[in-house]
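Residue numbers (the UniProt record's numbering): 1 to 452.
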């Protein structure tokens, strides 16, 4: 579990021939984080197959090891011996999450109800990202926070002697906030309830139930979800846990195949949880040729294989209520829209302002650098496409240490008339360590270029 190389590594994508073949993307990032968190907390041994071995997820594993869990990899399987709910140990050193916002925020929730101190640090990108939306409800439960920079890393937290269970209505659609409160509720007496007006990805609820937590979800008259967790119960290891393929990672070869002429690929074992399929729904509306085949269950989740072929896309309007189901996929959707006939309008994107970078701004600047017509609003982005890619590309994109910006604009270069370069490819390893060899195996042309 060593950190990634610190040397800058610019990379360029050059248009080549059609993409063909079958691939399997890494395990789902959200589920992988939670597999280490819940496996490390539950009593007993959990064997995890298909875990995403990106730096973000490994940072979460290191944090759980620092608090008493035993985690090792044997013969391709991660074996996690958990400490038991309520039995985490105070970490002896800082918890370094690198670029892992999900890992940091969820772990803050998990340890925020413990009567000990923990210090969270991260890289330059993570240290710029706000933590207040997670810390605010945890303060209601008794958490104390010390930060030199207004709820940004580095910061130290100390939980109360006895955490107070709360009922919390999340002010924005955020699976991270919901999950942090529920994780804190595991070590609080009584019932902790999260009210979610807009549904978000539900992996935390599914996995908590799988690990034996007492959890009940109801829907009120206004359609809001009420998730009630009974605290201080026991969690038991699930034995075997298989992580399905990450739909956010699958988005990159998927969109590349749609926009590179002649392409015909199959992406195997992709998670099809209905809270995560907004991109596929949108691309189908745009006219994408995506066949959803071999539907089945894997690790308690719906999965399928995606057969994807080059398509003539058309512009659509993506409604704001779809944003929670595809929040990480908007950068690569903007690339698909750059090759569509007409204008694609994406709404409800305020969450993109507080990702690894200000993703909305970063996408807009990358589009501008590559000759793509667009308009950036406070929480909207419109992109007017050039179906044959003529005149597109030729720009150098500042990734802002954001892995999804990096991969999205490399996908652009696979189909644009002129090559597209990114300033740094290092951060791709946080979520998709095998992105480059996988895309090269399909026929993409990625070239390392000299740093300036």
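Using N, Cα and C, we set each Cβ at its ideal position, and we do this for glycine too. Since we're looking at a predicted model, the values are computed, not measured.
Secondary structure of residue i, DSSP reduced to three states
{"i": "residue 252", "result": "helix"}
{"i": "residue 382", "result": "strand"}
{"i": "residue 365", "result": "helix"}
{"i": "residue 373", "result": "strand"}
{"i": "residue 259", "result": "helix"}
{"i": "residue 36", "result": "helix"}
{"i": "residue 341", "result": "strand"}
{"i": "residue 70", "result": "strand"}
{"i": "residue 95", "result": "strand"}
{"i": "residue 281", "result": "helix"}
{"i": "residue 194", "result": "strand"}
{"i": "residue 19", "result": "coil"}
{"i": "residue 326", "result": "coil"}
{"i": "residue 5", "result": "Any answer about residue 5 is weak, because its pLDDT of 49 lies below 50 and its placement is not dependable; what the coordinates show is given next. Coil at residue 5, not helix or strand."}
{"i": "residue 41", "result": "helix"}
{"i": "residue 346", "result": "strand"}
Pair within 8 Å by beta-carbon distance, residue i and residue j
{"i": "residue 316", "j": "residue 275", "result": "no"}
{"i": "residue 184", "j": "residue 113", "result": "yes"}
{"i": "residue 18", "j": "residue 420", "result": "no"}
{"i": "residue 303", "j": "residue 253", "result": "no"}
{"i": "residue 391", "j": "residue 340", "result": "no"}
{"i": "residue 200", "j": "residue 320", "result": "no"}
{"i": "residue 97", "j": "residue 59", "result": "yes"}
{"i": "residue 351", "j": "residue 364", "result": "no"}
{"i": "residue 170", "j": "residue 134", "result": "no"}
{"i": "residue 250", "j": "residue 25", "result": "yes"}
{"i": "residue 497", "j": "residue 16", "result": "The displayed coordinates of the chain run from 1 to 452. Any statement about residue 497 would go beyond what the structure contains."}
{"i": "residue 267", "j": "residue 308", "result": "yes"}
{"i": "residue 122", "j": "residue 104", "result": "yes"}
{"i": "residue 306", "j": "residue 270", "result": "yes"}
{"i": "residue 115", "j": "residue 70", "result": "no"}
{"i": "residue 449", "j": "residue 11", "result": "yes"}
{"i": "residue 144", "j": "residue 187", "result": "no"}
{"i": "residue 362", "j": "residue 400", "result": "yes"}
{"i": "residue 422", "j": "residue 397", "result": "yes"}
{"i": "residue 148", "j": "residue 128", "result": "no"}
Identity of the residues DSSP links to residue i by a beta bridge
{"i": "residue 289", "result": "309"}
{"i": "residue 448", "result": "11"}
{"i": "residue 27", "result": "245"}
{"i": "residue 301", "result": "298"}
{"i": "residue 239", "result": "46"}
{"i": "residue 126", "result": "In DSSP, residue 126 forms no bridge with anything."}
{"i": "residue 314", "result": "341"}
{"i": "residue 147", "result": "155"}
{"i": "residue 397", "result": "422"}
{"i": "residue 335", "result": "Bridge partners of residue 335: none, in fact."}
Selection from the options that minimises the alpha carbon distance to residue i
{"i": "residue 120", "options": "129, 130, 128 and 108", "result": "108"}
{"i": "residue 235", "options": "83, 437, 53 and 59", "result": "83"}
{"i": "residue 72", "options": "100, 54, 47 and 124", "result": "47"}
{"i": "residue 382", "options": "404, 79 and 334", "result": "334"}
{"i": "residue 88", "options": "438, 151 and 159", "result": "159"}
{"i": "residue 424", "options": "406, 393, 439 and 446", "result": "406"}
{"i": "residue 182", "options": "358, 197 and 166", "result": "166"}
{"i": "residue 229", "options": "168, 248, 288 and 240", "result": "168"}
{"i": "residue 326", "options": "346, 430 and 209", "result": "346"}
{"i": "residue 100", "options": "331, 402, 344 and 139", "result": "402"}
{"i": "residue 179", "options": "164, 162 and 206", "result": "206"}
{"i": "residue 388", "options": "223, 294, 414 and 348", "result": "414"}
{"i": "residue 257", "options": "332, 195, 155 and 322", "result": "332"}
{"i": "residue 265", "options": "129, 271, 272 and 293", "result": "293"}
{"i": "residue 239", "options": "286, 39, 409 and 295", "result": "39"}
{"i": "residue 212", "options": "394, 32 and 85", "result": "85"}
{"i": "residue 50", "options": "117, 241 and 21", "result": "241"}
{"i": "residue 322", "options": "397, 173 and 94", "result": "173"}
{"i": "residue 312", "options": "286, 298, 295 and 291", "result": "286"}
{"i": "residue 354", "options": "131, 440 and 432", "result": "131"}
First through last residue of the beta strand (DSSP E) which encompasses residue i
{"i": "residue 405", "result": "Note, residue 405: premise wrong, no beta strand (DSSP E); alpha helix (DSSP H) at 403-415."}
{"i": "residue 168", "result": "167-169"}
{"i": "residue 203", "result": "Where residue 203 is concerned, there is no enclosing beta strand (DSSP E), although the alpha helix (DSSP H) it sits in stretches over 203-210."}
{"i": "residue 47", "result": "44-49"}
{"i": "residue 118", "result": "117-121"}
{"i": "residue 271", "result": "264-271"}
{"i": "residue 155", "result": "155-158"}
{"i": "residue 82", "result": "77-82"}
{"i": "residue 430", "result": "Premise fails: residue 430 is in no beta strand (DSSP E) and is neither H nor E."}
Range covered by the alpha helix (DSSP H) that runs through residue i
{"i": "residue 65", "result": "55-66"}
{"i": "residue 177", "result": "175-185"}
{"i": "residue 438", "result": "435-442"}
{"i": "residue 228", "result": "Where residue 228 is concerned, there is no enclosing alpha helix (DSSP H), although the beta strand (DSSP E) it sits in stretches over 225-230."}
{"i": "residue 101", "result": "101-111"}
{"i": "residue 132", "result": "132-140"}
CB contact below 8 Å: residue i versus chain C
{"i": "residue 331", "result": "Note that chain C does not occur in the displayed structure, where there is just one protein chain."}
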